[in-house]
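Asker: Here it is, the structure, as structure tokens.
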Amino acid sequence: MTNYSSSEMMVVTASRLLRDGDVVFVGIGQPNLACNLARRTHAPNLNMIYEAGVIGAQPARLPLSIGDPCLVSGAASICSMYEIFAYYLQNGKIDVGFLGGAQIDRFGNVNATVIGPYAKPKVRLPGSGGSAEIAAWANRVYFITPHQARRFPEKCDFITGAGFLAGKSERIATGVRGGGPHEVVTDLGILTPDQETGELILTALHAGATVEQAIKNTGWKLKVADDLKTTEPPTDEELRLLREELDPTGIYLK
Amino acid sequence: MSKVMRLSEAIARFVNDGDTVYAAGFTHLIPFAAGHEIIRQHKKDLTLARATPDLIYDQMVAAGCARKIIFSYSGNPGVGSLRVIRQEMEAGRLDYEEYSHFAMITRVAAGASGLPFLPMRSTGTEDLAKANPQYKTIQCPYTGVELVTVPALNPDVAIIHAQRADANGNAQFWGIIGEQKEVAFASKKVILTVEEIVDERAIRSDPNRTLIPDFVVSAVCHVPYCAHPSYTQGCYDRDNKFYLEWDKISEAPEKVEAWLNEWVYGVKDHAEYWAKLGAETHARLKVPPAMSAPVNYGKY
């Protein structure tokens, strides 16, 4: 079997979650790689939408920023920022959103705003950007993030984007359109919300990772699914696309 | 009526101390040259509004131009933090008012529409609304649904960069169009910078591309490469290398000061700044052409 990095494992696992025909709000970095990999493999009809107002993007190079000019070249449409958030996200046209953040808690809430109190920040993070809207209005939300206890606290210091809040019924009560967190892909495996409660539980491990590692690196008492699965390792073709075409200098694959 | 003037004159005439300034552009077309001219003219106590403050506001905050920022994502896109703004915020030295992207842009859309506010659907989390009392709620009179509102943003002055305009200020854009049109209509004054001033006939041959009409524009400034290290679609590439370098420069106040001395105070205008970047950078940012298929408007 070929050697691969944990970043490659995460990107490949996330790409396989995407379905052909999905309309996806793509984030920069690893989500961008996962979407472009999916489009080159099992999801040729993936419609990639970028927050900057680009619809049907087909980037020929790796964008460093969410507004890179390569996203415009060959795109199907360009719209204003107001339109991308109002007509596309708020109006329910987006199937999948990707989110990142400094903290993801037990119920899939995400913090991209502040560590410590808001008025007296310990660490000031960049803030929401589109996270609040993606978390609320995309039908399925995916996360790609390394599995570390400080990134997975029991409760976020600040909720920038709503997961299931204090539990699934609480999110449903708010009436927000989107389905909330769907899968959290880490370098150890996959966390999936419990159908009833919305609590993130360990449902899959990557080859070589252990349940003990996952529990140790999670800030709440992590539950493990009865039918814990093992993810498929990357194929040679997936690795070739990532290394030779999508991120040839290895910016996001180290 | 021609509104063509030098950028230094436009900044001197239309940007006053204490103003709320919105330098527009989502990653694309960020008018760095205007930000640098504001720094050179020592404008102060500004409220700087931008969805993404980007390096332009990090530099303006570092130079002491700002009293407050209004924003929705204060990061160095694809790189990390805006270190100067972050330090000032953490130290409590800079006032700030924070939104999500949609709320920020909705404020501008309300301002552009002559409305006191606009509603949005709830995003299910109230933490930001608790931190920022400008967020309020209203009950929809038709459905009874509770909606979130934000007030109109009407900047004193907008600064907007475009690929081209005529001398009167009819401005054409292509590529990512962000919030430029909304900002232009929301603001009391509009300073337009352009890569190229073209004959009015060129504009009128393709009116669909004109996002901003001349009569809302106060000044038209011919500033080639105005957006560097941001970019202008079709003209030059984004200088990603500089965005990464700024992450290092902004680690220490003395390095920021040295950079401002060399690249802002040390040059008389943006033409000198661009020349100083040198042939290697010019070549690195050069972009081969890709023309769109022409459209036929018909002769009526």
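Those sequence lines, one after another, are chains A and B. For the first sequence, my numbering begins at -6 and goes up steadily by one. For the second sequence, my numbering begins at 913 and goes up steadily by one. Built from N, CA and C at the ideal position, the CB exists for glycine as well. In this text, all values refer to a predicted model and were calculated from it rather than measured experimentally.
1. For chain A, find out if any of its Cβ atoms is closer than 9 angstroms to the Cβ of L1172(B); answer yes or no.
2. Whole angstroms are fine: how far does the CA of E1184(B) sit from the CA of T1193(B)?
3. Would you kindly work out how many angstroms separate the C-alpha atoms of T203(A) and E225(A), rounded to a whole number?
4. Would you please verify whether the beta carbon of T1035(B) is less than 9 angstroms from any beta carbon of chain A?
5. Within 10 angstroms of its Cβ, does Q1052(B) collect 16 or more other Cβ (buried), or is it exposed?
6. With 8 angstroms as the C-beta to C-beta threshold (strictly closer), list the residues of the segment 1044 to 1068 of chain B near chain A in chain order.
7. What does R54(A) touch in chain B if you count any residue whose Cβ is under 9 angstroms from its own?
8. Comparing the C-beta of G1026(B) with each C-beta of chain A, is any distance below 9 angstroms?
9. What is the DSSP secondary structure of E176(A), reduced to helix, strand or coil?
10. Skipping 5 residues on each side, what residues in its chain have a beta carbon closer than 8 angstroms to that of T223(A)?
11. Please list, in chain order, all residues of the same chain as I1017(B) whose beta carbon is under 6 angstroms from its beta carbon, the five residues on each side excluded.
12. So which residues of chain A does T939(B) contact, with C-beta pairs closer than 7 angstroms?
13. Please work out which residues of its chain come closer than 7 angstroms, Cβ to Cβ, to F151(A), disregarding the five sequence neighbours upstream and downstream, and give them in chain order.
14. Which residue from R99(A), G85(A), G60(A), A36(A) puts its Cα closest to that of A142(A)?
15. Grouping DSSP H, G and I as helix and E and B as strand, with all else coil, what is H1073(B)?
16. Look up R1033(B) in the DSSP assignment and say whether it is helix, strand or coil.
17. Return the residues of the segment 93 to 110 of chain A that lie within a Cβ-Cβ distance of less than 8 angstroms from chain B, sorted by chain order.
18. Taking the alpha-carbon positions, what's the D187(A) to E163(A) distance?
19. Does the separation of the CB atoms of V16(A) and D88(A) fall below 9 angstroms?
20. Can you list, in chain order, the residues of its chain with a C-beta nearer than 6 angstroms to that of S984(B)? Leave out the 5 residues immediately preceding and following it.
21. Need the endpoints of the beta strand (DSSP E) that Y1008(B) sits in, please.
22. Could you please give me the residues that DSSP links to S1162(B) through a beta bridge?
23. T1122(B) bridges to which residues according to DSSP?
24. Check whether chain A comes within 9 angstroms of D1111(B), counting only Cβ atoms and requiring the distance to be less than that.
25. Using a Cβ cut-off of 9 angstroms, which residues of the segment 1079 to 1110 of chain B contact any Cβ in chain A, in chain order?
26. Just the C-alpha distance for P52(A) and I59(A), rounded to the nearest angstrom, thanks.
27. Output the residue ranges of the beta strand (DSSP E) runs that lie fully inside the segment 943 to 1030 of chain B and measure 3 residues or longer, sorted by chain position.
28. Using a threshold of 9 angstroms, state whether the C-beta atoms of D970(B) and L1006(B) are closer than that.
29. Three-state secondary structure (DSSP) at N25(A)?
30. Considering only the alpha carbon of each residue, which of I42(A), R233(A), A155(A) lies closest to P24(A)?
31. Which runs of the alpha helix (DSSP H) at least 4 residues long sit entirely within the segment 179 to 216 of chain A? Give them in chain order.
32. Residues of chain A with CB under 8 angstroms from D1149(B), in chain order?
33. Tell me, please, which residues DSSP counts as bridged to T(-5)(A).
34. By Cβ distance below 6 angstroms, which residues in the same chain neighbour P174(A) in space, the five residues on each side in sequence not counted?
35. Can you grab the Cα-Cα spacing for the pair I923(B) / A1070(B), in whole Å?
36. Can you list, in chain order, the residues of its chain with a C-beta nearer than 7 angstroms to that of I1089(B)? Leave out the 5 residues immediately preceding and following it.
Answerer: To lay it out plainly:
1. no
2. 14 angstroms
3. 15 angstroms
4. yes
5. A small fix is needed here, since residue 1052(B) is Cys in this sequence, not Gln. Flag for C1052(B) reads exposed.
6. V1057
7. Within 9 angstroms Cβ-Cβ: nothing; R54(A) doesn't reach chain B, min ~10 angstroms.
8. no
9. strand
10. A197, L198, H199, A200
11. E1091
12. A45, S58, I59, G60
13. N104, T106, V107, Y111
14. R99(A)
15. strand
16. coil
17. N102, T106
18. 14 angstroms
19. yes
20. A963, Y1011, S1012, H1013, M1016
21. 1007 to 1010
22. Bridge partners of S1162(B): none, in fact.
23. Q1084(B)
24. no
25. W1086, G1087, I1088, I1089, G1090, E1091, Q1092, K1093, E1094
26. 12 angstroms
27. 958 to 961, 978 to 983, 1007 to 1010
28. no
29. helix
30. I42(A)
31. 204 to 209
32. P62
33. Partner(s): none; T(-5)(A) has no beta bridge.
34. G101, V134, G156, P186
35. 11 angstroms
36. L1123
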